[in-house]
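Just so we're aligned: -5 in our numbering is position 8 of the sequence shown, and the numbers increase by one with no gaps anywhere. Even for Gly, the Cβ is constructed at its ideal location relative to N, Cα and C.
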Amino acid sequence: MIGGLGASPDHGTCSRAQCRQPALWRIDWRNPRIHTGDRGKTWLACDEHVDYLRGFLEARSFPVAVAAFADIHEPRPDAADGDDE
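Structure (structure tokens):
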């Protein structure tokens, strides 16, 4: 999740439960059963949890795209084709 209660949206924290590390990675994904190609979700990850979160989503066959988390105002990469960057 980008930001959180009281957090600055430009300084995200890892989306892994109970992790408060700064986010270095952006994981864009969607559930094809409920999200159309133009709608999806973004999780943020620290170095320690990026592989775990990506694996969690890939195990469910969700299209996933991982990129460096630089700025939340950058366009969202297309997770429709499941490419990793």
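Which residues in the same chain have their Cβ closer than 6 Å to the Cβ of residue i, if we skip the five residues on either side of it in sequence?
i: P19; result: none
According to the neighbour-count rule (16 or more other Cβ atoms, all chains shown, within 10 Å of its Cβ), is residue i buried or exposed?
i: M(-12); result: Annotation note: pLDDT 45 at M(-12) (below 50); position unreliable, coordinate value reported separately. So M(-12) counts as exposed.
i: G(-1); result: buried
Taking the alpha-carbon positions, what's the residue i to residue j distance?
i: A4; j: E35; result: 13 Å
i: L11; j: A57; result: 8 Å
i: R7; j: R47; result: 25 Å
i: I21; j: G42; result: 20 Å
Between residue i and residue j, is the Cβ-Cβ spacing less than 7 Å?
i: A54; j: R17; result: no
i: V51; j: E45; result: yes
i: G27; j: D15; result: yes
For residue i, collect the residues of the same chain with a Cβ closer than 7 Å to its Cβ; drop the 5 residues on either side in sequence, then sort them by chain order.
i: S2; result: M(-12), W30, L31, A32 and L40
Could you pull the DSSP bridge partners for residue i from this structure?
i: L31; result: R13
i: V53; result: I14
i: T0; result: P9
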